[in-house]
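Residues in the first sequence are numbered from 41 upward in steps of one, following the numbering used here. Ideal Cβ positions, reconstructed from N, Cα and C, are used throughout, including at glycine.
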Amino acid sequence: MFEIISKNLNSRVGVIKLKNGEVKTPFFMPDATRGFVRSIDNSILEKEIGLEAILINTYHMFLNPGMEIIKQAGGAHKFMNWSRPLLSDSGGYQVFSLIHKNPKLGKITENEVIFKSPLDGSKHILTPEIAIQIQFDLGVDMMVCLDDPPPNDYPKEKIASAVERTIRWADRCKKEYEKQLQERKISPENRPLIFGVIQGGEYLDLRKHCADELVKIGFDGYGFGARHIDAQGNFMEEVVRETAGFIPENALRFALGVGTPEDIVKCYNFGWDMFDCVIPTREGRHGRLFIRSVETQNFASLQDGKFYKTININNGKYKNDFSRVDENCDCMLCKNHTRAYLHHLFASKEMLGMRLAAIHNLKFYADLLRGLRNDKLSS
RNA sequence: GCGGUCAUCGUCUAUCGGUAAGACAUCGGUUUGUGGUACCGAGAAGCUGGGUUCAACUCCCAGUGACCGCC
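Below you can see the structure in the form of structure tokens.
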């Protein structure tokens, strides 16, 4: 399923064979949480930006449109008209962060997590088994175990108990996964990959323990769980680096929620293969644009974030800036429009501005990952 | 033409005979397993001319302008 093509120190370039096609690693997935990347049609994601895979969220798809609609449509791929590989996140992060923030919105027990829909207040139950069943119904290429991601500022004993629950639930997820494969008569070459998620906060001993136990259960890949940013907003470099080393080399390493471009480059150099993040789309919608300061091909040699800068197109200084947004970018925004025009779109709160900015930022991320892969292949 | 009401940041509205407050807008910043979200910070005002007073954005008079009503 996953084959490493080349290695350099800890980083690697590889290829994953999935039922809906191949994906080269490392790669970045935009978050199509509710079945869409906001404002961007899938054909743009595929043809204009060249993205290999995207991420949807079990929790959001389950709430809306709901699994009845997905089943009627013939699965998430058909519903969304996305033919390339699809990964579903378990929804653990959303449900748990909801409950950790506001305990009134739900309850976590050993067996299940009960939560109220923020949409209509209706009550729902998620168990490890249900989370896996939903992801089979979605028909994705890669799925993620239901985990318990505690906030990083929790005391160590609470993080440790979240680790234990994550391990027990991962075991239940794996068993349900095997059961679903049999019941649905899914052949080995068409089976979705399944990922466990490593918790443990900033504590290396907990991360190691969690990784070891998950490896015993056995998954295709392992994710870095919870936030990888500390309370001060700094990238938890040591924990992310060491945790990669706790994962077997032939397994996929999924850095959930990473991150800024420099964090992705760091993670790649630590041996992580897969990334997803809201930054390019969300920040694009809010007017922040990623601007290349070097040629894309040189990205991999730079880890300090100096290979790009950001601009806030809302700033008044762009009112009469008739230059390209990014001299080194050939996306539809940069080819066709000026900074002044984009500024005008944002000042007018026109959705076209958010859309073009998100497309540009996704192109930046896609090019960054292509740069990492090409650099590796040519060396 | 007559009568009435009003005049405060870009806009809308407070307050006060003794440091003029807020909202929206503007301008910066923040956003990490999706919030077109929320938060943080900054700049920004007493129509004009007289008078009363130690002191006037406030009280009085005139001018100017806006709105409302009536012939």
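- Message: With distance defined between alpha-carbon atoms, name the residue in 379, 315, 350 nearest to residue 361.
- Response: Against the first sequence, residue 361 aligns to sequence position 321. Closest by alpha carbon: 379.
- Item | Beta-carbon spacing of residue 283, residue 237 below 8 Å | For the purposes of this step, residue 283 is taken as the residue at position 243 of the first sequence. For the purposes of this step, residue 237 is taken as the residue at position 197 of the first sequence. The Cβ atoms of residue 283 and residue 237 lie no closer than 8 Å to each other.
- Neighbourhood of residue 358 by C-beta, 7 Å cutoff - its chain only, sequence neighbours within 5 removed: In the first sequence, the residue the question calls residue 358 occupies position 318. So the qualifying residues of the chain are 379, 380, 383.
- Item | Unbroken alpha helix (DSSP H) run spanning residue 47, endpoints | Locating residue 47 in the first sequence gives position 7, where the first residue counts as 1. Here residue 47 belongs to no alpha helix (DSSP H); instead the beta strand (DSSP E) covers 42-48.
- Item | Neighbourhood of residue 97 by C-beta, 8 Å cutoff - its chain only, sequence neighbours within 5 removed | Indexing the first sequence from 1 puts residue 97 at position 57. Within the same chain, residue 97 has close Cβ partners 71, 73, 74, 128, 129, 131, 134.
- Are there 16 or more other CB atoms within 10 angstroms of the CB of residue 391, so buried, or fewer, so exposed? The count along the first sequence starts at 1 and reaches residue 391 at position 351. Answer is exposed; the Cβ neighbour count stays below 16.
- How many Å lie between residue 48 and residue 281 at the Cα? Looking up residue 48 in the first sequence gives position 8. Looking up residue 281 in the first sequence gives position 241. Taking the straight line joining both Cα atoms gives about 15 Å.
- Three-state secondary structure assigned by DSSP to residue 295: On the first sequence, residue 295 is found 255 positions in, with the first residue counted as 1. Looking at residue 295 - three-state DSSP - the assignment turns out to be strand.
- Just how far apart, CA to CA, sit residue 272 and residue 320? Taking the first sequence and counting its residues from 1, one reaches residue 272 at position 232. Taking the first sequence and counting its residues from 1, one reaches residue 320 at position 280. Their backbone Cα atoms lie some 22 Å apart in a straight line.
- Quick one, are the C-beta atoms of residue 234 and residue 252 less than 8 Å apart? Here residue 234 is taken as the residue at index 194 of the first sequence, counted from 1. Here residue 252 is taken as the residue at index 212 of the first sequence, counted from 1. Cβ distance not < 8 Å, so residue 234 and residue 252 don't count as in contact.
- Query: Quick one: is residue 149 buried, meaning 16 or more other Cβ sit within 10 Å of its Cβ, or exposed?
  - Reply: Counting from 1 along the first sequence, the entry for residue 149 is found at position 109. Residue 149 is exposed by the Cβ-count criterion.
- Item | Member of 348, 387, 355 whose CA lies at the smallest distance from the CA of residue 368 | By one-based count along the first sequence, residue 368 stands at place 328. Of the candidates 348, 387, 355, the one whose C-alpha sits nearest the C-alpha of residue 368 is 348.
- Item | Touching by the beta-carbon criterion (3+ pairs, under 8 Å), the segment 164-172 and the segment 213-220 | These segments touch.
- Message: I need the straight-line Cα distance from residue 352 to residue 78, nearest angstrom please.
- Response: Walking along the first sequence from the start, residue 352 turns up at place 312. Walking along the first sequence from the start, residue 78 turns up at place 38. Taking the straight line joining both Cα atoms gives about 20 Å.
- Message: With distance defined between alpha-carbon atoms, name the residue in 394, 277, 327 nearest to residue 309.
- Response: In the first sequence, residue 309 corresponds to position 269, counting from 1. The residue with the shortest Cα to Cα distance from residue 309 is 277.
- Message: Within the continuous alpha helix (DSSP H) that includes residue 141, where are the two ends?
- Response: One-based indexing of the first sequence puts residue 141 at position 101. Where residue 141 is concerned, the enclosing alpha helix (DSSP H) stretches over 132-141.
- Item | Any alpha helix (DSSP H) of 4 or more consecutive residues that is wholly inside the segment 166-246 | 168-178, 196-223
- Query: Do residue 57 and residue 41 have their C-beta atoms within less than 8 Å of each other?
  - Reply: Along the first sequence, one-based indexing puts residue 57 at 17. Along the first sequence, one-based indexing puts residue 41 at 1. The answer is yes: Cβ separation under 8 Å.
- For residue 147, which residues from the same chain have a beta carbon less than 6 Å from its beta carbon, with the 5 sequence-adjacent residues on both sides left out? Here residue 147 refers to the residue found at position 107 of the first sequence. The answer, listed in chain order, is 154.
- Contacting residues, own chain, Cβ-Cβ under 6 Å from residue 418 (five flanking each side not counted): By 1-based counting over the first sequence, the position of residue 418 is 378. Confidence at residue 418 is low in this model, with a pLDDT of 42, below 50, so the placement of that residue is unreliable and no value is reported for it.
- Three-state secondary structure (DSSP) of residue 69: Position 29 of the first sequence, counting from 1, holds the residue named residue 69. Residue state, collapsed to three classes: strand.
- Item | Separation of residue 85 from residue 122, as counted between CA atoms | Start at 1 with the first residue of the first sequence, and residue 122 comes out as number 82. Start at 1 with the first residue of the first sequence, and residue 85 comes out as number 45. When rounded, the distance between both Cα atoms is 10 Å.
- Query: For residue 86, which of helix, strand or coil comes out of DSSP?
  - Reply: Along the first sequence, one-based indexing puts residue 86 at 46. It is helical.
- Report all residues from its chain with a CB closer than 6 Å to the CB of residue 404; omit the five preceding and five following residues, and keep chain order. As a position in the first sequence, residue 404 is number 364, starting the count at 1. Excluding positions up to five away in sequence, the list reads 330.
- First and last residue of the uninterrupted beta strand (DSSP E) at residue 350: Taking the first sequence and counting its residues from 1, one reaches residue 350 at position 310. Residue 350 -> beta strand (DSSP E) spans 348-352.
- Quick one: Cα of residue 95 to Cα of residue 262, how far? Stepping through the first sequence from its first residue, residue 95 is reached at position 55. Stepping through the first sequence from its first residue, residue 262 is reached at position 222. Going from the Cα of residue 95 to the Cα of residue 262 covers about 16 Å.
- Item | Residues of its chain near residue 398, where Cβ-Cβ distance is below 8 Å and the 5 sequence neighbours each way are ignored | Indexing the first sequence from 1 puts residue 398 at position 358. So the qualifying residues of the chain are 77, 78, 79, 80, 320, 321, 324, 325.
- Query: By a C-beta neighbour count over all protein chains shown, 10 Å radius and 16 as the cutoff for buried, is residue 376 buried or exposed?
  - Reply: Along the first sequence, read from residue 1 onward, the residue named residue 376 stands at position 336. Under this definition residue 376 is an exposed residue.
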